[in-house]
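For the protein sequence lines, the chains are A and B, in the order given. So for the first sequence, numbering that gives the first Met the number 0 puts the first residue at 0; every next one is plus one. So for the second sequence, numbering that gives the first Met the number 0 puts the first residue at 0; every next one is plus one. Single-structure report; data block below.
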Amino acid sequence: MVVTDLSARPAGDSAPATAVAQARRAHWPTRLGDAAAWLALGVALLFFLFPLVWMLITSIKARSEVTLLPPRYVPFVDFQPVADNYQAVFTKASELGSVTSGISGAGQISEFPAHLLNSVLIAGGATVLAVLLGTLAAYAFSRFRIKGENDLLFFILSTRMLPPIVVLIPIFLMFTKPFGFLEGWAAGMGAGGFKDFLLNASHISLRENYIGITLLYTTFGLPFVVWMMKGFFDEIPKEYEEAAMLDGYSRVEAIGKFVLPEALPAMLATAVFVLITAWNEFVFVQILNPSQATTVPPFLYAIIGYGQLEWGRMAATSVVFLLPVVIFTFAVRNHLLRGVTFGAVRR
Amino acid sequence: MAAVSSTSNAPAPPVRPRFGRLSDRALVWLFLTPTMLLLLGIAVFPLLWSLYLSFTKFSVINDANTGPTWIGTKNFERLLNDPDVWLRFTTTARFVIPAVAIELLLGFGLALLLNRKAGGRGLLMTLMLIPMMLSPLIVALFWNYMYQPSTGIIDYWLHDIFGLPQILWTTDLNTAMWSLVIVDVWQWTPFIMLIALAGLSAVPKYLYEAAEVDRASGWFKFRQITLPLVTPLLLIAILFRLMDSYRMFDQAYALNISGNVNQVLSVYLYQMAFRDFNTGKGSALGYIMLVVIIALANLLIRVLNGRKAEQV
């Protein structure tokens with residue numbers, strides 16, 4: 000590009016030759032700049048990628064080698080890789096005895112698979128629920144005239160701005176006895192089946208079970224899904240399903256047969272973010288479900304938290320725990336950018 | 000009631016559409032109700048409840064039978080007069096400001112570099128996404144392993160290889176906050192980078208070509224073309240990062256850095272509410288945090304909108 004500009008210069012006789020020379024000279028600083036740029040990039044990438052690599056390496060080290068200095072970097076050359084940690088993740092409770100206050104406590108069988116299953120059920124369930132409910136709500140916002148639509152949308156968004164730690168206290172209280180007020184109602188009643196029903200209902204707890212935490216994660220994800228999917232539906236012309244309705248489909252059928260299939264990629268991309276948040280959430284599940292229906296993060300914290308420094312096992316657990324999310328994310332990576340920015344960036 | 004067979008390949012519309020009697024109004028209700036119920040029940044109602052609790056003296060453990068006692072604004076008065084609370088605010092600022100500033104500079108810088116070099120960019124971006132997918136808790140736990148004095152790899156490089164004085168990352172009162180900042184920078188710089196890259200790739204090429212015709216310097220192009228066009232997006236990224244790092248809990252909790260001077264607000268609140276069970280006072284502090292973040296977010300959004308108005 001620079002070369003073509005030079006021809007405009009009212010320079011003297013042999014224009015092509017000087018142009019080439021000048022172009023070459025002009026390249027020098029760029030080359031130096033390139034080298035500096037590459038160097039900076041390299042240093043930055045080392046900072047960002049090394050911990051990931053180091054986590055992988057640590058996960059295949061024997062216990063004695065994990066804290067060995069100077070560190071061993073290259074498997075098969077510096078140290079003999081072992082599968083012990085991965086084996087321990089799934090089979091052994093711990094080399095140092097049981098670590099969590101969990102059910103078995105026998106110190107024989109790892110509690111990780113059970114926690115992983117909990118994570119799958121809770122985070123997966125919340126993701127499916129949030130994406131389905133949120134998509135329907137987004138469709139309604141996008142296609143129908145709703146009174147106070149903008150206020151409602153802003154209200155939905157604002158629920159996401161709350162620092163989670165602020166809502167933790169009331170959520171904890173509410174989940175302990177969500178229908179506790181029924182006890183008061185029942186007190187004023189004569190004995191009977193309905194009174195018993197109210198009394199039983201008043202003792203229901205949403206703590207230490209799957210339902211409470213799943214609904215909670217669903218609620219965390221909903222604002223995001225509604226905003227993302229509304230942006231998406233806004234870009235699909237209304238005529239899309241109106242044509243189907245002219246053909247004799249009802250609106251519900253048109254949504255099911257034409258709109259949702261079209262929206263599926265966007266729904267999956269949205270699901271990634273809901274899943275990552277729910278999958279990695281720590282403090283709510285730690286407080287609400289300390290011993291039942293506990294997901295992996297509190298378990299991981301327990302491995303390290305009690306001062307039993309099984310770094311290798313922690314690294315292996317982290318890798319195993321990360322894999323499902325990575326696979327899901329890369330499967331739908333093309334729509335991710337909009338998600339990162341809450342729909343602010345459109346491609 | 001299945002579709003009748005048709006001669007064309009397209010699925011024929013049904014003779015009698017199902018759910019045809021559902022009016023649009025009914026559909027709106029059907030679609031919105033579950034979402035609104037969940038948000039009202041699990042996001043709004045608890046918040047109102049905690050507003051009430053913030054005006055009471057209440058402890059889930061000690062006052063379980065008596066219930067909350069109304070004490071007016073005493074919780075707020077006590078908290079706002081408590082130097083400990085102000086200390087946590089400054090501590091949080093000592094974390095948020097450097098973390099977001101470094102993330103911004105580093106993320107934007109990386110985006111500029113990656114935007115120039117096209118080769119292998121896809122793979123790099125993919126790899127850079129991984130820190131964001133990791134649980135913040137895991138990130139902090141693993142960095143804690145690397146921070147370990149005399150067994151961790153960071154100490155080995157800095158101290159044993161480069162001969163720098165030994166740094167007790169998480170336990171030294173002076174460096175503890177930086178060890179938290181580094182963890183945050185590691186996990187969230189890619190986020191800024193991603194957004195900045197999106198902004199950079201949206202800058203129209205002809206602007207640069209026009210500048211080149213005018214022989215504009217690289218700095219001029221950056222200052223007059225790149226920066227103004229990318230700034231709105233960067234401000235959104237900063238807004239997100241500010242809000243998230245302000246309420247960051249998992250990393251601070253997992254890294255467990257020493258010293259009250261290094262305790263951020265969310266950890267302080269957590270201990271107040273779930274270790275000391277000062278439920279009423281904790282709710283009040285939560286509300287103070289909330290008001291501060293809403294004010295900050297509004298300020299930033301105003302700056303953001305102001306810029307948009309300038310451009311139009």
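Glycine included, C-beta positions come from ideal geometry on N, C-alpha and C. Since the structure is predicted, the reported quantities are computational estimates derived from the model, not experimental observations.
Residue burial classification, residue i (beta-carbon count within 10 angstroms, cutoff 16)
{"i": "phenylalanine 54 (chain B)", "result": "buried"}
{"i": "valine 88 (chain A)", "result": "buried"}
{"i": "serine 100 (chain A)", "result": "A caution first: serine 100 (chain A) carries a pLDDT of 42, below 50, which makes its placement in the model too unreliable to give a value."}
{"i": "glutamine 262 (chain B)", "result": "buried"}
{"i": "arginine 240 (chain B)", "result": "buried"}
{"i": "leucine 75 (chain A)", "result": "One point to set straight first is that residue 75 (chain A) is phenylalanine, not leucine, in the sequence displayed. Flag for phenylalanine 75 (chain A) reads exposed."}
{"i": "threonine 91 (chain B)", "result": "buried"}
{"i": "asparagine 277 (chain B)", "result": "buried"}
{"i": "glutamate 76 (chain B)", "result": "exposed"}
{"i": "serine 257 (chain B)", "result": "exposed"}
{"i": "aspartate 249 (chain B)", "result": "buried"}
{"i": "aspartate 213 (chain B)", "result": "exposed"}
{"i": "leucine 172 (chain B)", "result": "exposed"}
{"i": "leucine 155 (chain A)", "result": "The sequence shown places isoleucine at residue 155 (chain A), rather than the leucine named in the question. Buried."}
{"i": "arginine 250 (chain A)", "result": "buried"}
{"i": "serine 216 (chain B)", "result": "exposed"}
{"i": "alanine 315 (chain A)", "result": "buried"}
{"i": "lysine 204 (chain B)", "result": "exposed"}
{"i": "methionine 188 (chain A)", "result": "exposed"}
{"i": "lysine 146 (chain A)", "result": "exposed"}
Residues that residue i contacts on chain A, provided the C-beta gap is smaller than 7 Å
{"i": "threonine 150 (chain B)", "result": "Thr66, Leu68"}
{"i": "threonine 278 (chain B)", "result": "Ile168"}
{"i": "serine 265 (chain B)", "result": "Pro162, Ile164"}
{"i": "methionine 288 (chain B)", "result": "Pro162, Val165"}
Contact list for residue i against chain A, beta-carbon separation under 9 Å
{"i": "proline 67 (chain B)", "result": "Those within 9 Å of proline 67 (chain B) in chain A number zero; the least Cβ separation is about 10 Å."}
{"i": "valine 59 (chain B)", "result": "Ile168, Phe171, Leu172, Thr175"}
Within chain B, partners of residue i - CB distance below 8 Å
{"i": "leucine 138 (chain A)", "result": "Strictly speaking, residue 138 (chain A) in this sequence is tyrosine, with leucine absent from that position. Ordered by position in chain B, the residues that pass the 8 Å Cβ test against tyrosine 138 (chain A) are Phe30."}
{"i": "leucine 356 (chain A)", "result": "An answer regarding residue 356 (chain A) cannot be provided, because it is not within the stretch 0 to 346 covered by chain A."}
{"i": "proline 163 (chain A)", "result": "Arg246, Phe248"}
{"i": "tyrosine 300 (chain A)", "result": "Leu136, Leu140, Ala253"}
{"i": "leucine 263 (chain A)", "result": "Per Cβ cutoff of 8 Å: no residues; leucine 263 (chain A) is ~18 Å from chain B at best."}
{"i": "leucine 215 (chain A)", "result": "Ile41"}
{"i": "leucine 40 (chain A)", "result": "Leu109, Leu112, Leu113, Lys116"}
For residue i, the residue or residues it bridges with in DSSP
{"i": "lysine 56 (chain B)", "result": "B:Thr68"}
{"i": "proline 74 (chain A)", "result": "A:Phe78"}
Per-residue contacts from residue i into chain B (C-beta, under 7 Å)
{"i": "leucine 321 (chain A)", "result": "Met132, Leu133"}
{"i": "methionine 54 (chain A)", "result": "Phe141"}
{"i": "valine 325 (chain A)", "result": "Ile129, Met132"}
Extent of the continuous alpha helix (DSSP H) to which residue i belongs
{"i": "glycine 183 (chain A)", "result": "180-186"}
{"i": "valine 331 (chain A)", "result": "Unbroken run through valine 331 (chain A): none, as it is neither H nor E."}
{"i": "proline 33 (chain B)", "result": "23-37"}
{"i": "threonine 225 (chain B)", "result": "Note, threonine 225 (chain B): premise wrong, no alpha helix (DSSP H); not H, not E."}
{"i": "isoleucine 170 (chain A)", "result": "163-175"}
{"i": "serine 265 (chain B)", "result": "264-273"}
{"i": "aspartate 213 (chain B)", "result": "Element bounds for aspartate 213 (chain B): n/a, residue is neither H nor E."}
{"i": "alanine 190 (chain A)", "result": "Unbroken run through alanine 190 (chain A): none, as it is neither H nor E."}
{"i": "asparagine 259 (chain B)", "result": "It is not in any alpha helix (DSSP H) - asparagine 259 (chain B) carries neither H nor E in the DSSP assignment."}
{"i": "tryptophan 187 (chain B)", "result": "175-200"}
{"i": "proline 246 (chain B)", "result": "Looking at the sequence shown, residue 246 (chain B) is not proline but arginine. Counting along the chain, arginine 246 (chain B) falls outside any alpha helix (DSSP H), and DSSP gives it neither H nor E."}
{"i": "aspartate 150 (chain A)", "result": "148-160"}
{"i": "aspartate 171 (chain B)", "result": "No alpha helix (DSSP H) contains aspartate 171 (chain B), which DSSP labels as neither H nor E."}
{"i": "aspartate 83 (chain B)", "result": "82-115"}
{"i": "leucine 136 (chain B)", "result": "135-146"}
{"i": "arginine 62 (chain A)", "result": "62-65"}
{"i": "isoleucine 129 (chain B)", "result": "120-132"}
Residue i: contacting residues in chain A (beta-carbon distance under 8 Å)
{"i": "aspartate 23 (chain B)", "result": "Phe143, Arg250"}
{"i": "threonine 91 (chain B)", "result": "What threonine 91 (chain B) touches in chain A: nothing, since even the nearest Cβ is about 11 Å away."}
{"i": "tryptophan 168 (chain B)", "result": "The premise fails here: tryptophan 168 (chain B) is roughly 14 Å from chain A at the closest Cβ pair, so nothing lies under 8 Å."}
{"i": "arginine 115 (chain B)", "result": "Ala36"}
Contact list for residue i against chain B, beta-carbon separation under 9 Å
{"i": "glycine 133 (chain A)", "result": "Thr34"}
{"i": "proline 50 (chain A)", "result": "Pro130, Val138, Phe141, Trp142, Met145, Trp185"}
{"i": "leucine 378 (chain A)", "result": "As displayed, chain A neither begins before 0 nor continues past 346, which places residue 378 (chain A) out of reach and without an answer."}
{"i": "methionine 313 (chain A)", "result": "Ile137, Leu140, Phe141, Tyr144"}
message = Check whether the region 230-247 of chain A and the region 311-323 of chain A are in contact - that is, three or more C-beta pairs closer than 8 Å.
response = The answer is no - the region 311-323 of chain A does not touch the region 230-247 of chain A, with fewer than three Cβ pairs under 8 Å.
task = Report yes or no: do the region 82-101 of chain B and the region 172-183 of chain B share at least 3 C-beta pairs separated by less than 8 Å?
result = Contact between the region 82-101 of chain B and the region 172-183 of chain B is present, because at least three Cβ pairs lie under 8 Å.
ask   = Would you call the region 152-167 of chain B and the region 61-79 of chain B touching, i.e. three or more CB-CB distances under 8 Å?
value = Result no; under three Cβ-Cβ pairs closer than 8 Å.
task = Examine the Cβ distances between the region 227-244 of chain B and the region 278-287 of chain B and report whether three or more of them are shorter than 8 Å.
result = Put simply, the region 227-244 of chain B does not touch the region 278-287 of chain B. Fewer than three CB pairs are less than 8 Å apart.
ask   = Within the chosen definition, does the region 224-233 of chain B reach the region 109-124 of chain A through at least 3 CB pairs nearer than 8 Å?
value = These segments do not touch.
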